[in-house]
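Inspection log for the structure reproduced underneath, given as structure tokens.
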Amino acid sequence: MKLLEVKNLSIRYGDFLAVKGVTFAVEKGGIFGIVGESGSGKSTIAKALMGLKEADSGEIVFQNKTKAQMIFQDAAGSLNPRMKVCDTLKEVLCHYGRSKLEAKKEAAQLVELVGLPPAVLDQYPHEMSGGQCQRVSIARALACGSEVLIADEPVSALDVSVQARILNLLRALNKSRGVTIVLIAHDLAVVKNICDEVIVLEKGVVVDSGEPESVFSAPKSEYTKSLIAAVPGKNLKPTHV
Ligand SMILES: Nc1ncnc2c1ncn2[C@@H]1O[C@H](COP(=O)(O)OP(=O)(O)O)[C@@H](O)[C@H]1O
Ligand SMILES: [Mg+2]
């Protein structure tokens, strides 16, 4: 079943056409990859999916009442520096109708779910590593009851070993909770082993699409070939799922 369909989407900034007739569909319960170099239009598409940037033409259709949340490259910066992790999570949970007591319990469960020790609940963002902050921002997105996580370069700012662990977490949440994930990356190695389907964007245009194995073994565009050639034998295959 399609959770999200994007049809012939075009988006401008003034006279500049950043996204040009992009079409794709995201299966419910899948991990969908969007890959392209910096400036190829990935974040513009993410913002449009979240309703933060208006489309000039085309359509974005979510299945009924789908809740989507975004997670960002700068996880620490997306968290309130003055709030402890437990308060960040409790605020969201209370907003979505939990009592204070329920929110406290659920915040602790979420922290465990994203692989953090309970002590983190009493910490502030600046007391945590980048990987830990990213786990908290994932927990916060789950606290909203999101069925879709739109992850815009969620591991770009992290060390390679931490990248693999965060990708493992996303995959585990996808499998255990059925959370649909749109995973945006400039690095093919990130999406290669984790996504069910990918599109490759070049200057706002989809130049390749399909299952990662076929896109990477038989790329249709010169652009995709050059991206593949640029991957320095990095292996980010999730290992603990
Ligand atoms: N607010 C903006 N005003 C003008 N141009 C923008 C703005 N945001 C992004 N762009 C341009 O749109 C293109 C796509 O940007 P973006 O979607 O951020 O790409 P990516 O996320 O793939 O790096 C780039 O050429 C960028 O310079
Ligand atoms: Mg971007």
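Per the numbering used here, the very first residue in the sequence shown carries number 3; after that it's consecutive.
All residues carry an ideal CB built from backbone N, CA and C; glycine is no exception.
This one's a predicted model, so the numbers in the text were calculated from it and none came from an experiment.
ask   = Rounded to the nearest angstrom, how far is the Cβ of Gln136 from that of Ala231, given a contact under 8 Å?
value = Not quite, the Cβ-Cβ distance comes to about 29 Å (not below 8 Å), so this is no contact.
ask   = Alpha carbon to alpha carbon, how far is Glu199 from Thr226?
value = 15 Å
The segment 190-207 in contact with the segment 4-22 per 3-pair CB rule at 8 Å = yes
Beta strand (DSSP E) runs contained entirely in the segment 32-89, provided each spans 3 or more residues = 33-37, 59-64, 70-74
ask   = Going by C-alpha distance, which of Ala166, Glu114, Ser211, Leu172 is nearest Val181?
value = Leu172
ask   = Can Val28 and Leu11 be called in contact, C-beta distance under 8 Å?
value = no
ask   = Quick one: is the Cβ of Gly76 within less than 7 Å of any heavy atom of ligand 2?
value = With the sequence shown as reference, residue 76 is identified as Asp, and Gly is not the correct amino acid for it. No, the Cβ of Asp76 stays beyond 7 Å of every heavy atom of ligand 2.
query = Taking C-beta to C-beta, are Asp154 and Ala48 nearer than 8 Å?
reply = yes
ask   = So which of Glu215, Ser219, Ser45 has the shortest CA-CA distance to Tyr15?
value = Ser45
request  = Answer yes or no: the CB of Thr46 versus the heavy atoms of ligand 1, is any distance below 7 Å?
outcome  = yes
inquiry  = When you measure from the CB of Glu155 to every non-hydrogen atom of ligand 4, does any distance come out below 7 Å?
reply    = Questions concerning ligand 4 fall outside what the structure shown contains, since the ligands it does hold are ligand 1 and ligand 2.
task = My understanding is that Pro127 touches Pro83, with C-beta atoms under 8 Å, so please give their C-beta distance in whole angstroms.
result = 5 Å
ask   = Among residues of its own chain, excluding the 5 on either side of Leu160, which ones have a beta-carbon nearer than 6 Å to its beta-carbon?
value = Gly132, Gly133
ask   = With 16 other CB atoms within 10 Å as the buried threshold, where does Lys194 fall?
value = buried
query = Closer than 7 Å: is that where the CB of Ser42 sits relative to any heavy atom of ligand 1?
reply = yes
ask   = Would you report the Cα separation of Val24 and Arg142, rounded to the nearest angstrom?
value = 29 Å
inquiry  = Between which residues of its own chain and Thr68 is the CB-CB distance below 8 Å, once the five residues before and five after are set aside?
reply    = Leu5, Leu6, Glu149, Val150
inquiry  = Can you give me the C-alpha to C-alpha distance between Lys106 and Lys9, rounded to a whole angstrom?
reply    = 41 Å
Proximity to Phe34 [Cα-Cα], best of Ile140, Ser228, Ser223, Ile183 = Ile183
task = Using a threshold of 8 Å, state whether the C-beta atoms of Met51 and Ile168 are closer than that.
result = A small fix is needed here, since residue 51 is Leu in this sequence, not Met. Not closer than 8 Å, so no.
key: Lys22 - containing beta strand (DSSP E), residue span   = 18-29
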